[in-house]
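K.L.:
Numbering (our numbering), first residue to last: 6 to 70.
#1: Quick check: the Cα distance between residue 68 and residue 20, rounded to an integer number of angstroms?
#2: So residue 35 and residue 51 are supposed to be a Cβ contact under 8 Å. How far apart are they, rounded?
#3: When you compare the CB positions of residue 16 and residue 31, do they come within less than 8 Å of one another, or not?
#4: Per DSSP, what kind of secondary structure is residue 11 in: helix, strand or coil?
#5: Grab me the residues of residue 45's own chain with a C-beta within less than 8 Å of its C-beta, minus the 5 sequence neighbours each way, in chain order.
Okay, here's the thing in structure tokens:
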């Protein structure tokens, strides 16, 4: 229900009925794939509201510390 844009890999597209959790799961998958393949942890350029922010802060703290 969500995908990475074919025009720009930094854009995530809701195909119609994706929920916030679907988009967040796709973001997490993309970050994990890049980290595994390239050894680089991508940082989000957006702010997350709600319970997602807590998950992100924990994963970034683990990666940097």
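Note that the Cβ used here is the ideal one computed from N, Cα and C, for glycine as well. All of these numbers come straight from a predicted model, not from anything done at the bench.
P.N.:
Result, derived from the coordinates:
#1: Translated into the one-based positions of the chain shown, residue 68 becomes position 63. Translated into the one-based positions of the chain shown, residue 20 becomes position 15. With a pLDDT of only 49 at residue 68, under 50, the local geometry of the prediction cannot be trusted, and no value is derived from it.
#2: For the purposes of this step, residue 35 is taken as residue 30 along the chain shown, with counting starting at 1. For the purposes of this step, residue 51 is taken as residue 46 along the chain shown, with counting starting at 1. With a beta-carbon spacing of about 13 Å, residue 35 and residue 51 fall beyond the 8 Å limit used to define contacts.
#3: By one-based count along the chain shown, residue 16 stands at place 11. By one-based count along the chain shown, residue 31 stands at place 26. Their beta carbons are not under 8 Å apart, which means residue 16 does not touch residue 31 by this criterion.
#4: Locating residue 11 in the chain shown gives position 6, counting from the first residue. If DSSP states are grouped into helix, strand and coil, residue 11 belongs with coil.
#5: For the purposes of this step, residue 45 is taken as residue 40 along the chain shown, with counting starting at 1. Closer than 8 Å at the Cβ level, and outside the excluded window around residue 45, lie 39.
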